[in-house]
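Q: Under the working numbering, read the sequence shown as residues 8 to 249, first letter to last.
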Amino acid sequence: ARAHVIMDAAIQKWCDEMGTSVEKVTTMYLDNKFNAPNVDGELLAKCEKLETLSCASCGLATLSGFPPLAKLKSLLLNDNRISSGLDALVKCENLTSLSLANNRIASVDDLKPLADELTLNVLEVEQCPLTNAEGYFETIMSMMPTLNTLDGRDEFGNEVDDEDEDDDEDEDNDDDDDDDVSAHHASARGVILGDGTRGVARGDGARCRPAAHPRRAHDGAETRCGRARRRAIRTGRDVVLE
8 ARAHVIMDAA IQKWCDEMGT SVEKVTTMYL DNKFNAPNVD GELLAKCEKL
58 ETLSCASCGL ATLSGFPPLA KLKSLLLNDN RISSGLDALV KCENLTSLSL
108 ANNRIASVDD LKPLADELTL NVLEVEQCPL TNAEGYFETI MSMMPTLNTL
158 DGRDEFGNEV DDEDEDDDED EDNDDDDDDD VSAHHASARG VILGDGTRGV
208 ARGDGARCRP AAHPRRAHDG AETRCGRARR RAIRTGRDVV LE
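Right, dumping it as structure tokens:
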């Protein structure tokens, strides 16, 4: 059962399937591949070249013990139960994109360590309790002046259009891993197009017309869609939607 799969085992399995090693891996998608309340084990700390990590729907409740990953740029932790330990992320000094959507972060104050130490460009906290506070958006934007996008909106509160982010091409160095990831998810039910719009996959995987904006609904699948959309925008390539 997934409840008995620890993080180390999930990391090793990913590396084996991708034909790489813990020391060389740059991208890992561990969504639903382990279930643990905290970041345990020893292998994550050895992923010194890791730039993108996704641990959505893994049962995480705290980030205490998260290792300092100097090259980590994008961290996707949506659809967990995280309520504490965010200060551990300040050791990931190059982190610029962070998704904490659909977690249990109760207060904007919980984000203050990140605001003080990191230069985040993209942050997602939608469906966290803190978003129930009046003016949360303005407070976070003021607290984190480097943010370009918060919950899919710009500093003025306008929904970010897909074409506004077409020039974000700073992730080209993960081409090989992205190709492997696309093959790994060949059974996907949809794709996020390279321009950031959402398309529906036919049986042969071909692209169809864009569907409705992925942020309209409020469930775990939509936060995953938002994650894939941001990745498609950033890389300019189609991204398979699980």
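All C-beta atoms in this analysis are idealised placements derived from N, C-alpha and C, irrespective of residue type, glycine included.
Predicted model only: the values in this text are computed from it and were never measured.
1. Please report the distance separating the alpha-carbon of P75 from that of L96.
2. Would you mind reading off the limits of the beta strand (DSSP E) that contains E131?
3. Between which two residues does the beta strand (DSSP E) containing M35 stretch?
4. Scan the stretch 43-123 and note each continuous beta strand (DSSP E) run of 3 residues or more that stays entirely inside, going in chain order.
5. Please confirm if the stretch 65-74 is in contact with the stretch 22-36, defined as three or more CB-CB distances below 8 Å between the two stretches.
6. Just mark V198 as buried or exposed, buried being the case when its beta carbon has 16 or more other beta carbons within 10 Å.
7. For L125 and E100, I'd like the C-alpha separation in whole angstroms.
8. Between the alpha carbons of L50 and I13, how many angstroms are there, rounded?
9. According to DSSP, simplified to helix, strand and coil, what is E30?
10. Who are the Cβ neighbours of G48 in its own chain at under 7 Å, not counting the five residues just before and after it?
11. What is the rounded straight-line gap between the Cα of C54 and the Cα of M25?
12. Per DSSP, what kind of secondary structure is E141 in: helix, strand or coil?
13. Given this structure, state the Cα-to-Cα distance separating L118 from K20, to the nearest angstrom.
14. Got a sec? Which residues, its chain only, sit under 8 Å from P44 by beta carbon, not counting five neighbours each side?
15. At the level of alpha carbons, what is the spacing between D23 and T146?
16. In this structure, how does DSSP classify T156 when only helix, strand and coil are distinguished?
A: Per the coordinate set shown:
1. Taking the first residue of the sequence shown as 1, we reach residue 75 at position 68. Taking the first residue of the sequence shown as 1, we reach residue 96 at position 89. Approximately 7 Å between the Cα atoms of the pair.
2. Within the sequence shown, residue 131 is the residue found at index 124, counting from 1. V129 to E131 is the span of the beta strand (DSSP E), which, as asked, contains E131.
3. Counted from its first residue, the sequence shown places residue 35 at position 28. Element bounds for M35: T34 to Y36.
4. 59-61, 81-83 and 104-106
5. no
6. Taking the first residue of the sequence shown as position 1, residue 198 is located at position 191. Annotation note: pLDDT 41 at V198 (below 50); position unreliable, no value reported.
7. Reading the sequence shown from its first residue, position 118 is the one you call residue 125. Reading the sequence shown from its first residue, position 93 is the one you call residue 100. The alpha-carbon atoms of L125 and E100 are separated by roughly 6 Å.
8. As a first step, residue 50 is located in the sequence shown; it is residue number 43 there, counting from the start. As a first step, residue 13 is located in the sequence shown; it is residue number 6 there, counting from the start. Taking the straight line joining both Cα atoms gives about 11 Å.
9. For this step, residue 30 is matched to residue 23 along the sequence shown. Of the three classes helix, strand and coil, the one that applies to E30 here is coil, per DSSP.
10. As a working note, residue 48 is residue 41 in the sequence shown. Hits under 7 Å: I13, M14 and D15.
11. For the purposes of this step, residue 54 is identified with residue 47 of the sequence shown, where counting begins at 1. For the purposes of this step, residue 25 is identified with residue 18 of the sequence shown, where counting begins at 1. If you take the alpha carbons of C54 and M25, they lie about 14 Å apart.
12. As a position in the sequence shown, residue 141 is number 134, starting the count at 1. Judged by DSSP in its simplified three-state form, E141 adopts coil rather than helix or strand.
13. Start at 1 with the first residue of the sequence shown, and residue 118 comes out as number 111. Start at 1 with the first residue of the sequence shown, and residue 20 comes out as number 13. Rounded to the nearest angstrom, the two C-alpha atoms are 32 Å apart.
14. The sequence position of residue 44 within the sequence shown is 37, counting from 1. Counting only Cβ-Cβ distances below 8 Å, and skipping sequence neighbours, we find G66, L67, A68, T69 and R88.
15. Looking up residue 23 in the sequence shown gives position 16. Looking up residue 146 in the sequence shown gives position 139. So the two alpha carbons sit approximately 43 Å from each other.
16. Walking along the sequence shown from the start, residue 156 turns up at place 149. The answer is strand: DSSP assigns T156 an E or B state.
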